[in-house]
Every structure is written in structure tokens, then in C-alpha cells.
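>
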Amino acid sequence: MDNQQKSININWFPGHMVKALREIYDKQKMVDMLIEIVDSRAPFSSRNPELVNINKPRLIIMSKKDYADKEIVKEWINYFSDKDVKVICQDLVHGFNLKEIISSCNELMKEKIERDLRKGIKNRTIRAMVVGIPNVGKSTFINKMSKRKAAKVSNMPGVTKSQQWVKADNLELLDTPGVLWPKFESQAIGIKLALIGTIKEEILNNDELSILCVSFLKEYYPSYLLKRYDLKNIDDDIFTNIAKRRNLLKNNGEIDIDKAKYLLLKEFKEGIIASVCVERPGVEYGVFGV
């Protein structure tokens, strides 16, 4: 396992992200606050450190909560709250709560709203910049807020390439492309982001990533792994078992282990195997080489 961990070297920072990051810095003066979308399965690693230091009131929305371990999500909410960061958790697809978001933004901007009222300014629109790394749900969030298809939606990272303003209730939202940062602090971060689907598959080594994924599931969610792939015990040959159960075959009729590895990663990303978190506050998951 150690050799496999050391050989994985994940970074993805294409040219359009450089431009997008620069534009975010340039336009921060135009907004009152930030709405930062993170993935509930990795709320720390899915925060871009280049954006964390922007000095604006900030609402963190933990997305994809239906994919995440509910008990660990509670720990993350407490973690951010203890740091005086306003955080809410939502399933942006099936359980979108517009009132909670509007209320949270109004609460964050309470002092500014009160200052405006003293100046005789009523019902002033709050301008918020929506930021986050690729494929955490920003476009879905924008579309739900605007109640129309204002942004392209895909389960592939890197779809939104430009900035746009969207009106939503008493908010004006500046949608921004998903941006990563030039170099991850550790490869454990890259691995976690790859497992939740925020990095383009084309640059990943699915062979090594699938082995790490299995190791993680064996250690932290073994019952889900056993159930999903009908394993008798945790030491079964998992990829062979998947290939046989799903009839994944090569052209010559042999079982296709590569297809099994790809399927495992796909079902992990999509929350089909289990509702998981790949990190929790104060805990190092050694399977990622932390």
C-alpha cells in the first residue's frame, strides 16, 4: 500500500482556472458576501485555500449531504460553527431549501441591512459571489436559486468556464467557475478529491485509486462493501467478484478487472455503495497516506 500511495501524484490546474481565480480576486469588491459550496463528504479538502482568505462575510453550504455519512456531517457542522463560520447542509437536488439559504444570507448581512435602513435604503439587493471547486454543485445551486436553467449542470468537473450574474429573490448571485489551486498540500487531499469526483478522470490512475477506495471502505465502511457486492467476507477478491456479478467481460469472454475498478469508483462517487465521508474533524485516514 505504501508504494501505491507514493506513486499517486494528483494535480489538475488547467489554464482557464488561472484566469478564473484572477477574476474572482478582481470582482470580490463588487459583492457583499461569499457563498462557498463544499462537498459534505470532504468539507475540509473541498475548500480552496486560495479563496478561504477572501475577507467577506461567508456562508458555507455543504452540498451532496445525501451522499455523506450523517453523523460525520454533524461533526463538520460543529467544527465550522466553533470557528464562527456560518454553515448549512443541503441536498441541492432533492431537498433544496431556498428559505434557509435566504435567511442565512440575511443573517450574515444583518449589520449592513440595518445600516442601509438607517440611511433610508430599503430592500437593498444582497450581492453574493458563489465559489467552490469543480463539481461540488455550484451550477445546481445557481439553477435552484434562480428557478431556471441559468447554468450548465454536469457530474463532470470543469463545466462552468465563465462568470455570470443571476437574480434570485433578494439576492444577486455571481456564478464563478470551479477552481482548484496550483499544488495540493498533500497527496491525501488529491486522493480524496479524486474519489468524490472533483478532478477530471482523464488524469487519474483508476487502478491505484480503486485499490485505495477499497482499502478505505474495508476499514471504515466494511458492511456496505459486503452488502453492495455480495461478498462473503472482507478478504474476498473484490474486483473479480464485481466483474462476475455484473458480467463485465472482455471481448475474448474473460472477466474485465479494469471495468470492475471503474465501476467501483463510479458507484463510490455517486453514493451508491454507501453514504460516506472521506474525512472527519481531527481524524487522519491512514489509507490515504496522511
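For the sequence shown, my numbering assigns the number 809 to the initial residue and increments by one for each residue that follows.
Yeah, the Cβ is synthetic: ideal placement off N, Cα and C, and Gly gets one too.
In this text the structure is predicted, and so the values were computed from the model without any measurement.
1. Does the beta-carbon distance from residue 1037 to residue 1055 come in below 8 Å?
2. DSSP state of residue 1062, grouped into three classes?
3. DSSP on residue 973, reduced to helix/strand/coil?
4. Could you check whether residue 1003 and residue 1081 sit closer than 8 Å to each other, using their CB atoms as the reference points?
5. Thinking just about the alpha-carbon of each residue, which of 1086, 836 and 1053 is nearest to the one in residue 935?
6. Taking the alpha carbon of residue 910 as the reference point, which residue from 843, 927 and 947 has its own alpha carbon closest?
7. Counting C-beta neighbours from all protein chains within 10 Å, is the total for residue 929 16 or more, i.e. buried, or is it exposed?
8. Return the residue from the list 1042, 1088 and 947 that minimises the CA-CA distance to residue 877.
9. Do the segment 866–874 and the segment 841–857 make contact, defined as three or more Cβ pairs closer than 8 Å?
10. Grab me the residues of residue 954's own chain with a C-beta within less than 8 Å of its C-beta, minus the 5 sequence neighbours each way, in chain order.
11. Taking all protein chains shown into account, decide if residue 995 is buried (16 or more other Cβ within 10 angstroms of its Cβ) or exposed.
12. Over what stretch of residues does the beta strand (DSSP E) that includes residue 1001 continue unbroken?
13. Got a sec? Which residues, its chain only, sit under 7 Å from residue 1057 by beta carbon, not counting five neighbours each side?
14. Looking only at C-alpha atoms, which of 891, 827 and 916 sits nearest to residue 852?
15. Can you pull the DSSP bridge partners for residue 1021?
16. From 848, 939 and 1045, pick the residue whose C-alpha is nearest to that of residue 880; which is it?
17. Measure the alpha-carbon distance for residue 991 versus residue 997 and round it to whole angstroms.
18. Short check: CB of residue 1000 to CB of residue 939, under 8 Å?
19. Nearest-angstrom Cα distance between residue 1069 and residue 1014?
20. Please classify residue 988: does DSSP put it in a helix, a strand, or coil?
21. What's the gap between the Cα of residue 937 and the Cα of residue 1039?
22. CA-CA distance, residue 860 and residue 1052?
23. Evaluate residue 925 with the Cβ neighbour count: other Cβ atoms within 10 Å of its Cβ, from every protein chain shown; 16 or more gives buried, anything less gives exposed.
24. Enumerated in chain order, which unbroken segments of the beta strand (DSSP E) with a length of 3 residues or greater are wholly contained in the segment 848–931?
25. Say yes only if the C-beta of residue 977 is nearer than 7 Å to one or more non-hydrogen atoms of the ligand GDP, and no if none qualify.
In short:
1. In the sequence shown, counting from the first residue as 1, residue 1037 sits at position 229. In the sequence shown, counting from the first residue as 1, residue 1055 sits at position 247. Remark: C-beta atoms of residue 1037 and residue 1055 do not approach each other more closely than 8 Å.
2. As a position in the sequence shown, residue 1062 is number 254, starting the count at 1. Correct three-state label for residue 1062: coil.
3. Position 165 of the sequence shown, counted from the first residue, corresponds to residue 973. Correct three-state label for residue 973: strand.
4. Stepping through the sequence shown from its first residue, residue 1081 is reached at position 273. Stepping through the sequence shown from its first residue, residue 1003 is reached at position 195. No; because the gap between Cβ atoms is not below 8 Å, this pair is not in contact.
5. Taking the sequence shown and counting its residues from 1, the one referred to as residue 935 is at position 127. The option with the nearest alpha carbon to residue 935 is 836.
6. Along the sequence shown, read from residue 1 onward, the residue named residue 910 stands at position 102. It is 843.
7. Numbered from its first residue, the sequence shown carries residue 929 at position 121. Its Cβ having fewer than 16 others within 10 Å, residue 929 is exposed.
8. Indexing the sequence shown from 1 puts residue 877 at position 69. Of the listed residues, the one whose Cα sits closest to residue 877 is 1088.
9. Look at the beta carbons and you see the segment 866–874 touching the segment 841–857: at least three pairs across the two are nearer than 8 Å.
10. For the purposes of this step, residue 954 is taken as residue 146 along the sequence shown, with counting starting at 1. 974, 975, 976 and 981.
11. Mapped onto the sequence shown, residue 995 falls at position 187. Residue 995 should be labelled buried.
12. For the purposes of this step, residue 1001 is taken as the residue at position 193 of the sequence shown. Secondary structure note for residue 1001: it is in no beta strand (DSSP E), and the uninterrupted alpha helix (DSSP H) holding it is 995–1003.
13. Locating residue 1057 in the sequence shown gives position 249, where the first residue counts as 1. Excluding positions up to five away in sequence, the list reads 1063 and 1064.
14. Looking up residue 852 in the sequence shown gives position 44. Of the listed residues, the one whose Cα sits closest to residue 852 is 891.
15. Counted from its first residue, the sequence shown places residue 1021 at position 213. Paired residue(s): none; residue 1021 is not in a bridge.
16. Position 72 of the sequence shown, counting from 1, holds the residue named residue 880. For residue 880, the closest of 848, 939 and 1045 by C-alpha to C-alpha distance is 848.
17. If you number the sequence shown from 1, residue 991 lands on position 183. If you number the sequence shown from 1, residue 997 lands on position 189. Cα to Cα, residue 991 sits roughly 10 Å from residue 997.
18. For this step, residue 1000 is matched to residue 192 along the sequence shown. For this step, residue 939 is matched to residue 131 along the sequence shown. Residue 939 is positioned such that its CB atom lies no closer than 8 Å to that of residue 1000.
19. Within the sequence shown, residue 1069 is the residue found at index 261, counting from 1. Within the sequence shown, residue 1014 is the residue found at index 206, counting from 1. Near 7 Å, if we compare the C-alpha coordinates of residue 1014 and residue 1069.
20. Along the sequence shown, read from residue 1 onward, the residue named residue 988 stands at position 180. In the structure shown, residue 988 sits in coil (DSSP, three-state: anything other than H, G, I, E or B).
21. Working through the sequence shown from its first residue, we reach residue 937 at position 129. Working through the sequence shown from its first residue, we reach residue 1039 at position 231. The C-alpha of residue 1039 is placed about 46 Å away from the C-alpha of residue 937.
22. For this step, residue 860 is matched to residue 52 along the sequence shown. For this step, residue 1052 is matched to residue 244 along the sequence shown. In this model, residue 860 and residue 1052 are separated by some 46 Å (Cα to Cα).
23. Start at 1 with the first residue of the sequence shown, and residue 925 comes out as number 117. An exposed status is given to residue 925, since fewer than 16 other beta-carbon atoms sit within 10 Å of its beta-carbon.
24. You should have 866–871 and 894–897.
25. Looking at this structure, you won't find the ligand GDP or any other ligand, since it has none at all.
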